[in-house]
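Participant:
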Amino acid sequence: MKLSWGIVIKEAIRRLLQKPYTWKYPFKDVKAAEGYRGRIEFDISKCIGCRLCALSCPASGAIIMVRDERVKAKTKRRPEFNLSICCFCETCAMVCPTKAIKLTRDYHLVDYKKEGVKYILIGV
Amino acid sequence: MTTIFPFGPIHPALKEPVGFIFEVEGERIVKAIPNLGFAHRGIEKLLESKTWFQATYIVEHICGICSQVHQSCYLMGVEKLYEKEIPERAAYIRMLSLELERIHSHLLWMGVAFHEAGFDTPFMYTWRDREKVLDIAEAFFGRRVVWTTSRPGGVKRDLTDKVIKMIREFIPYMRKRVKWYEEILTTDKTVLARFRNVGYLDHHKAVELGAVGPVARASGVKRDIRLEDPYYFYKESPFRIVLEKDGDALAKFLVRVKEIDVSLDIIEWVLDNIPKGPLFVNIPPMARPKLGKVISRHEAPRGELIYYEESNGNLRPYRVRVRTPTFANVVSIIAMIEGGYIADIPIVVASIDPCISCMDRVLIIDRKRKKRKIMSKDELIALSRKEFKRKRIKGEII
Numbered sequence: 062m063k064l065s066w067g068i069v070i071k072e073a074i075r076r077l078l079q080k081p082y083t084w085k086y087p088f089k090d091v092k093a094a095e096g097y098r099g100r101i102e103f104d105i106s107k108c109i110g111c112r113l114c115a116l117s118c119p120a121s122g123a124i125i126m127v128r129d130e131r132v133k134a135k136t137k138r139r140p141e142f143n144l145s146i147c148c149f150c151e152t153c154a155m156v157c158p159t160k161a162i163k164l165t166r167d168y169h170l171v172d173y174k175k176e177g178v179k180y181i182l183i184g185v
Numbered sequence: 002m003t004t005i006f007p008f009g010p011i012h013p014a015l016k017e018p019v020g021f022i023f024e025v026e027g028e029r030i031v032k033a034i035p036n037l038g039f040a041h042r043g044i045e046k047l048l049e050s051k052t053w054f055q056a057t058y059i060v061e062h063i064c065g066i067c068s069q070v071h072q073s074c075y076l077m078g079v080e081k082l083y084e085k086e087i088p089e090r091a092a093y094i095r096m097l098s099l100e101l102e103r104i105h106s107h108l109l110w111m112g113v114a115f116h117e118a119g120f121d122t123p124f125m126y127t128w129r130d131r132e133k134v135l136d137i138a139e140a141f142f143g144r145r146v147v148w149t150t151s152r153p154g155g156v157k158r159d160l161t162d163k164v165i166k167m168i169r170e171f172i173p174y175m176r177k178r179v180k181w182y183e184e185i186l187t188t189d190k191t192v193l194a195r196f197r198n199v200g201y202l203d204h205h206k207a208v209e210l211g212a213v214g215p216v217a218r219a220s221g222v223k224r225d226i227r228l229e230d231p232y233y234f235y236k237e238s239p240f241r242i243v244l245e246k247d248g249d250a251l252a253k254f255l256v257r258v259k260e261i262d263v264s265l266d267i268i269e270w271v272l273d274n275i276p277k278g279p280l281f282v283n284i285p286p287m288a289r290p291k292l293g294k295v296i297s298r299h300e301a302p303r304g305e306l307i308y309y310e311e312s313n314g315n316l317r318p319y320r321v322r323v324r325t326p327t328f329a330n331v332v333s334i335i336a337m338i339e340g341g342y343i344a345d346i347p348i349v350v351a352s353i354d355p356c357i358s359c360m361d362r363v364l365i366i367d368r369k370r371k372k373r374k375i376m377s378k379d380e381l382i383a384l385s386r387k388e389f390k391r392k393r394i395k396g397e398i399i
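Same order as they appear, the protein sequences are chains A and B.
Each residue of the first sequence is one higher than the last, beginning at 62 in the numbering used here.
Each residue of the second sequence is one higher than the last, beginning at 2 in the numbering used here.
#1: Once the 5 residues before and after A115 (chain A) are set aside, which same chain residues still bring their CB inside 7 Å of it?
#2: Compare the C-beta of R393 (chain B) against all C-beta atoms of chain A and say whether one is closer than 9 Å.
#3: Check each candidate in B:I226, B:V323, B:K246 and B:I346 and name the one with the smallest Cα separation from E300 (chain B).
#4: Have a look at K85 (chain B) and V282 (chain B) and give me their C-alpha separation to the nearest angstrom.
#5: Can you tell me which of B:L244, B:L265 and B:I267 puts its alpha carbon nearest to the alpha carbon of V256 (chain B)?
#6: Could you spell out where the alpha helix (DSSP H) holding K166 (chain B) opens and where it closes?
#7: Counting only the same chain and skipping the five closest in sequence on each side, list residues whose C-beta sits under 7 Å from that of L186 (chain B).
#8: According to DSSP, what are the bridge partners of V156 (chain B)?
#9: Cβ of R144 (chain B) less than 9 Å from any chain A Cβ?
#10: Which residue wins for smallest C-alpha separation from P276 (chain B), given the options B:S73, B:R42, B:R90 and B:Q69?
#11: Can you give me the start and stop residues for the alpha helix (DSSP H) that H299 (chain B) sits inside?
#12: Could you please give me the residues that DSSP links to I101 (chain A) through a beta bridge?
#13: If you reduce the DSSP assignment to three classes, tell me which class P35 (chain B) lands in.
#14: Which residues of the region 54 to 71 of chain B have a Cβ closer than 8 Å to any Cβ of chain A? Give them in chain order.
#15: Listing by chain order, which chain B residues have their CB less than 7 Å from the CB of T119 (chain A)?
#16: Please decide whether Y180 (chain A) counts as near chain B, where near means a Cβ-Cβ distance under 9 Å.
#17: Could you tell me whether any Cβ in chain B is nearer than 9 Å to the Cβ of M155 (chain A)?
#18: Taking DSSP as the reference, what is the three-state secondary structure of E237 (chain B)?
#19: Relative to the alpha-carbon of I268 (chain B), which residue among B:H116, B:V222, B:K392 and B:I168 has its alpha-carbon at the smallest distance?
#20: Return the CA-CA distance between V295 (chain B) and P123 (chain B), expressed in angstroms with no decimal places.
#21: Between the region 143 to 177 of chain B and chain A, which residues of the former have a C-beta closer than 9 Å to a C-beta of the latter?
#22: Looking at the structure shown, is T3 (chain B) part of a helix, part of a strand, or coil, going by DSSP?
#23: Which residues does DSSP list as the beta-bridge partners of P140 (chain A)?
#24: When the Cα of D266 (chain B) is compared with those of B:Y201, B:F171, B:I66 and B:G211, which residue comes out closest?
#25: Should A140 (chain B) be flagged as near chain A, meaning a C-beta pair shorter than 9 Å?
#26: Look at the alpha carbon of Y173 (chain A) and the alpha carbon of K179 (chain A), and state the distance between them as a whole number of angstroms.
#27: Please confirm whether P290 (chain B) has its beta-carbon closer than 9 Å to some beta-carbon of chain A.
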């Protein structure tokens with residue numbers, strides 16, 4: 062079986078009859094793969110303010126600790142995520158002892174407003 | 002009359018930029034001098050400012066194609082410094098990711114090499130096959146390129162039924178394709194005309210210049226870290242070394258194609274024999290390693306990868322040194338290219354699997370006439386294709 066004209070023409074006909082591989086993205090939303098590392102979801106009710114996430118983040122400055130009275134633990138501190146520096150490596154979610162941080166399948170991280178590229182805060 | 006060519010250097014956004022200065026007589030190359038260091042990003046210095054834990058994600062970005070082998074090699078040293086042994090299941094999953102990566106890297110290289118020779122149809126075919134590996138990676142690790150499989154002490158994610166099914170379907174498909182590629186390489190006129198007797202490197206020269214990976218194996222040098230210093234479970238796996246004797250660009254091609262078959266065997270073996278158990282042993286992110294120096298070696302898709310790690314007992318590495326395979330192979334380009342034609346440069350340089358983008362522009366200086374001529378990558382590729390046409394007209398095609 063060499064690379065002959067027969068194979069090439071057969072391939073061409075098959076591809077012509079096939080639907081395109083690309084999607085009409087902005088008009089038709091495409092779901093990211095299972096286990097995709099996208100927008101960060103942070104559950105404030107689980108946070109204990111141990112700052113392990115901030116200490117182990119490889120993109121320095123992507124996570125800083127801020128004061129927040131809503132945190133139940135004594136420390137009264139929670140992480141603040143800066144998604145413009147984040148490299149979505151999942152380290153924070155991995156080291157979190159209470160599993161308060163989760164990476165979702167949402168990849169729509171472009172917006173005209175700053176709020177559009179923010180992390181999701183839940184458990185308030 | 003000698004003419005001098007500064008060749009390269011750079012397009013820093015892409016793989017590994019490298020510059021060359023060629024001295025030519027007419028069309029023949031008399032002398033070649035490599036010129037390195039154009040893509041210095043200061044990663045080794047950056048690693049000194051990160052903790053051992055954080056550095057796991059920095060080393061992964063050294064190479065976009067073989068990111069997993071960098072991470073795995075680095076972590077092997079780190080786990081030794083922390084005196085922890087990873088669980089068996091984690092080692093199996095790491096092996097799986099390394100072999101998947103080898104397949105995707107070789108397929109990518111094959112496509113590029115075909116393209117350089119002006120043979121674009123199989124370029125499309127190989128990249129379509131590569132897409133299947135990337136789909137598996139996306140389903141498994143959540144990313145197509147920088148996978149982040151591992152964490153210090155083990156791996157992050159477990160194999161799911163969906164991924165196992167995808168890989169099981171992929172193996173027979175790819176085996177069929179590999180056979181077909183092998184047939185193309187050994188029988189097709191276009192390929193034989195362009196790759197045979199180009200960029201020849203003999204056995205002694207390969208040993209002398211310290212060639213590694215497929216470049217060395219194509220010259221018959223038995224050099225593979227999976228055989229010499231087996232890590233993880235490569236000793237038990239059905240790994241076999243692929244050797245070719247010819248040492249030309251075609252042999253390097255064949256070695257890579259046959260290696261895909263070996264990788265498929267290993268992947269199948271991993272899926273059959275993977276034990277159950279935990280995914281990682283806990284290494285706390287703020288723990289300090291013991292004092293010492295470690296060297297770890299891996300067989301990357303391009304050859305031997307070495308990591309040297311030195312710890313002074315602190316949270317941050319004292320020194321991390323990385324020796325990538327391309328650095329070892331760049332010297333062998335000199336031996337391969339001398340005596341060859343200008344039109345063969347793209348194929349010879351591509352045959353060691355470096356950054357093709359290095360060929361952004363070529364400056365030709367005529368010493369006697371004091372003339373300068375700048376050649377772009379496209380012009381050089383056009384020259385390469387012209388050479389092929391000339392050979393076809395002359396009847397040199399076998």
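We put the CB at the ideal spot given by N, CA and C, even for glycine.
Everything numeric in this text was worked out from a predicted model, so none of it was measured.
Facilitator: Working from what's here:
#1: I124, I125, M126 and P140
#2: no
#3: Closest option to E300 (chain B), Cα to Cα, is B:I226.
#4: 7 Å
#5: B:L244
#6: D162 to T188
#7: V192, L251, F254, L255 and V258
#8: B:S151
#9: yes
#10: B:R90
#11: Per DSSP, H299 (chain B) belongs to no alpha helix (DSSP H); it is in the beta strand (DSSP E), G293 to A301.
#12: A:L164
#13: strand
#14: F54, Q55, A56, T57, Y58 and I59
#15: It is Pro, not Thr, that sits at residue 119 (chain A) in the sequence shown. Residues of chain B passing the Cβ test: K51, Q55, Y58 and I59.
#16: With 9 Å as the cut-off, Y180 (chain A) does not count as an interface residue toward chain B.
#17: Closer than 9 Å to some Cβ of chain B, the Cβ of M155 (chain A) qualifies, so yes.
#18: coil
#19: B:I168
#20: 43 Å
#21: G143, R144, R145, V147, T149, R152, K157, R158, T161 and K163
#22: coil
#23: A:M126
#24: If we check each option's Cα against that of D266 (chain B), B:F171 comes out closest.
#25: yes
#26: Going from the Cα of Y173 (chain A) to the Cα of K179 (chain A) covers about 12 Å.
#27: no
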